[in-house]
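**Q** Residues 34 to 127 (the numbering used here) are what the sequence shown spells out, left to right.
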Amino acid sequence: MGVVSTNSKQMKGKRLKTWNKKIGQETVYIIVFNNYVAVGNHYGNTQTDNAGWASIDEFIHGKFHAIIKKRLGEEILKEVLEYISEHLLFSKDK
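1. Would you mind reading off the limits of the alpha helix (DSSP H) that contains Y116?
2. If you count every other CB in all the chains shown that lies within 10 Å of the CB of A99, and 16 or more means buried, which is it?
3. H98 by DSSP, collapsed to three states: which one?
4. If you reduce the DSSP assignment to three classes, tell me which class K55 lands in.
5. Quick check: the Cα distance between T51 and E108, rounded to an integer number of angstroms?
6. Measure the beta-carbon distance from A84 to V72 and round it to whole angstroms, keeping in mind my assumption that it falls under 8 Å.
7. Is the CB-CB distance between V61 and N74 below 7 Å?
8. Just how far apart, CA to CA, sit Q43 and G95?
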């Protein structure tokens, strides 16, 4: 995927929504947490997990957009950005 490997124990936050796509033996995913977005892939177990993360601000300003468009499509990227906009960016105003 072109992102750095992570240790899930380093990342803290409430998981809000996940998108997955199976491509052959690979699963590509996006996970939105309350304070960051993780983008990665795996081949069925945590030993093959390869992911990177971005703050919400970094993500909405383009981090991982090219990877998501290439691997999951423009429509999924749009869904993720809309979800973040509706549930995180303006949540304090609701």
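Note that CB positions come from ideal geometry on N, CA and C, so glycine has one too.
**A** Walking through what the data contain:
1. E107 to I117
2. Exposed: under 16 other Cβ atoms inside 10 Å.
3. For H98, the secondary structure class from DSSP, reduced to helix, strand or coil, is helix.
4. K55 carries a strand assignment under DSSP once its states are collapsed to helix, strand and coil.
5. Whole-angstrom Cα-Cα distance: 15 Å.
6. 6 Å
7. With a cutoff of 7 Å on beta-carbon distance, V61 and N74 are scored as near each other.
8. Since pLDDT at Q43 reaches only 49, below the 50 mark, its modelled position is unreliable, and no value is offered.
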